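First the structure, in the form of structure tokens, and then the observations on it.
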Amino acid sequence: MAQLVFNGLVTGLLIALPALSLALVFSVLRFANYAIGSMLTLGAYLVYGFNVGFGLPLPLAALAGAILGAGLALLINRLVYEPLRGRSGVTLLVASIGVGIALENAVRFFAGSTTRGFDVEVARPLRLLGLRINHEQILTIAIVLAALVTIWIIFRFTRLGRAMRAVADNPDLAAVRGIPRTQVIRTTWIISSVLATLAGVLVGLDGNVDPQMGWNYILPVFTAAILGGIGNPMAAVAGAVLLGITEELATLVLAPHYRTIVAFAVMALLLLVRPSGLFGTPGVAR
Amino acid sequence: MISYLVATLVLVAIATIAALALNLQWGLGGLVNFGLFGFYMLGAYVCGLLVVSGTPPLLAMAVAMLATAAVSAAVSLISVRLSEDYLAIVTLGFAECVRLFISYEEWLTRGTLGVPGIERPFAGWVPAAWSDGVFLAFSFACLLLSFLFLRKITRAPFGRLVRATRDDATVAEALGKNVLAVRAKVFAIGGALLGVAGSLHAFYYSYIDPTQFTTALNAYAFMAVIIAGRGSHIGVLIAGFSVILLLEGSRFLVDVIPFLDGAQLAALRLFIVGAGLIAILIYKPDGLVREYRLRSGAS
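Here it is, written out as structure tokens:
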């Protein structure tokens, strides 16, 4: 039982990064980014390329992958989302579907569909207070918490964070007050893509690296973001942890491969009962 | 060569029916269905399993249509309280659940082994050599009927009502229209069409397994609707028989281009679909053909 809760916590933290990324983009740019799964996959493959292709140790490879990924995200923003600025959220949503398809298949084109793994040493799990803890799980917890704290500090205490919150609240007012919207959007994409790349590495460490990996996470990620109230970045993290634990506990009664169905059931129930999210205030969600 | 052409044309007809369904749901109704392949898969499996257990093919197809229509309406009701962003993820989530359910509930669907031996309609009446030709004619008849039916309801008051709920649901509601019911109906009709497409898929391959149903169908349908110009059924037909035909036909290139294998070519094709979709959104947002009654420049 405690083991399940612990595993759920780790799964939840894993979902938290892309969910945070999704909610950030949603709050600043006002559209649901369906390419989030493909961004995760792309990040994992970039890091894989640096790790196995160039033989860099994983932390360095992750850094290089994150930088390259952020560059690509900026390029996509310039090529796709900037020309579409001012269009409706649905148009942007469909554009992001296009981006997702294109990215995933670019990965397939260059790397093929075979399953791969990062070049890391396998270590025995630790035992602590009766729990079985993998090294990957410790790494996941540490990295996710560090990332979350960093984002929280940026969001709360820096000029940039204030600018982002201002644009999220009211873009026109922010523009009138002289906040450079373009720059804020670019920064949002950089943060979002770094989070996605990190998530890709952690997911790849937890399981495998394959072109489908991001796609498998889309549903839990959206569910987590909706749980927290989409457009409310920090609450998405709480939503993710809650979802992770629910999914893990559900394996007591359901077969493990039905996790996605649990996520879907949670989302359906939530949308019917409390569509603004557990922590959202009604009416502000959109 | 002929059999290759027939195969391509059948696939184009199936994809175009799916695109027509999306055009009704998203183009006309403003409801983004990102889980097309799930409803399509559901239609294929309901039809296939019924035929294998001895139901006449046409009856099985009708049951599949009813089933997908009912399920579609139910799914659309989950997110009625909110905007399109949520409907897209709800339909996608539903599609994934369908895929998981079919992959693992082996007692019902034989799981990843697939369902073999699905008999085509009219199979007993025509000589085996003609089977493909007759089936091609049958799928084109389905496509034509779907198109005529959609055109009919689009030009009827119901079509106007659907467009009204898309453009401003609040106004439509204030005028006493039941937006909820309209949306559920739109989803049900689109679902029935996806049931037709799925049944045709099951008949054509005569064998179905979960790996056949991928998001490529989504990509094709979205591409076709965007090229067509949202809401224009004739545009979807044009897009289907130009772009989807071209893309499907590019399978042929495997023999011509030696340095790309089949999987790479498939990836390249979908990459082009994704990139093309974005390019059209940016440069030609209205598509090829304007929506019915918006043609006179009154917009």
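Order-wise, the sequence lines are chains C and E. For what it's worth, the numbering used here labels the leading residue of the first sequence as 0, then goes sequentially. For what it's worth, the numbering used here labels the leading residue of the second sequence as 1162, then goes sequentially. Note that beta-carbon positions come from the ideal geometry of N, C-alpha and C, so glycine has one too. Quick caveat: nothing in here was measured; it's all calculated off a predicted structure.
Contact check for C/Glu246 and C/Gly36: beta-carbon distance about 17 Å, past the 8 Å limit, so the pair fails to qualify. Contact check between the stretch 1285 to 1299 of chain E and the stretch 1229 to 1236 of chain E: fewer than three CB pairs, one atom from each, fall below 8 Å, which does not count as touching. Excluding the 5 residues flanking it on each side, E/Phe1195 has same chain C-beta neighbours closer than 6 Å at Ala1249, Thr1252, Leu1253, in chain order.
With fewer than 16 other beta carbons inside 10 angstroms of its own, C/Glu120 counts as exposed. Chain C places a beta carbon closer than 8 Å to that of E/Ile1439, counting this residue as a contact. Between E/Ala1225 and E/Ser1367, the C-beta spacing is not below 8 Å. Against chain C, a Cβ distance below 7 Å from E/Gln1425 picks out Phe108.
Going by C-alpha positions, E/Ala1353 is about 49 Å away from C/Ile137. With a minimum length of 4 residues, the unbroken runs of alpha helix (DSSP H) contained wholly in the stretch 159 to 225 of chain C fall at 170 to 175, 180 to 205. Take the alpha-carbon of C/Val200 and the one of C/Gly42: they are about 7 Å apart. Under the 8 Å criterion on CB atoms, C/Thr149 is classed as non-interfacial with respect to chain E. Within chain E, the residues placing a beta-carbon under 8 Å from that of C/Ala105 are Ala1428, Phe1432, ordered along the chain.
Looking at the backbone, the Cα of C/Ala237 and that of C/Ala224 are separated by about 9 Å.
In this structure, the alpha-carbon of E/Ala1380 lies about 24 Å from that of E/Ala1345. In the DSSP assignment, C/Leu12 falls within the alpha helix (DSSP H) that extends over 1 to 28. Scanning chain E for C-beta atoms nearer than 8 Å to the C-beta of C/Pro82 yields Ile1443, reported in chain order.
For C/Leu130, the enclosing beta strand (DSSP E) covers residues 130 to 132. Boundaries of the alpha helix (DSSP H) around E/Arg1312: 1292 to 1316.
E/Val1276 sits in a strand when the DSSP states are folded into three classes. Interface annotation for the stretch 239 to 262 of chain C against chain E: Ala254, His256, Tyr257, Thr259, Ile260, Ala262, criterion Cβ-Cβ distance under 8 Å.
In this structure, DSSP gives E/Ile1418 a state outside helix and strand, which the three-state scheme calls coil. Residues of chain E with a Cβ closer than 8 Å to the Cβ of C/Val98 are, in chain order, Gly1435, Ile1439. DSSP lists C/Val208 as the beta-bridge partner residues of C/Arg115. Within the same chain, Cβ atoms closer than 7 Å to the Cβ of E/Arg1312 are found at His1394, the five residues on either side in sequence being excluded. Around the beta carbon of C/Asn169, fewer than 16 other beta carbons sit within 10 angstroms, so the residue counts as exposed.
The Cβ atoms of E/Val1347 and E/Leu1185 lie closer than 8 Å to each other.
A contact between stretches requires three or more CB pairs, one per stretch, nearer than 8 Å, and the stretch 1413 to 1427 of chain E fails this requirement with the stretch 199 to 213 of chain C.
Taking a 10 Å sphere around the C-beta of C/Pro124, we find fewer than 16 other C-beta atoms and assign the residue as exposed. The beta carbon of E/Leu1426 sits closer than 8 Å to those of Ser1411, Arg1412, Leu1414, Val1415, Ile1418, all from its chain and outside the five residues before and after it, given in chain order.
Under the three-state reduction of DSSP, C/Ile100 is assigned to helix.
Minimum Cα-Cα distance from E/Ile1175 among the listed residues E/Ala1436, E/Asp1447, E/Glu1409, E/Lys1445 corresponds to E/Glu1409.
Under the Cβ criterion of 8 Å, E/Glu1409 is not counted among the residues facing chain C. Residue contact check for C/Ala237 against chain E: no CB pair falls below 8 Å. Looking at the DSSP output, E/Ile1369 shares a beta bridge with E/Val1276. Only buried fits C/Pro232, as 16 or more other CB atoms lie within 10 angstroms of its CB. Going by beta carbons, C/Ala60 and C/Val143 fall outside the 8 Å limit.
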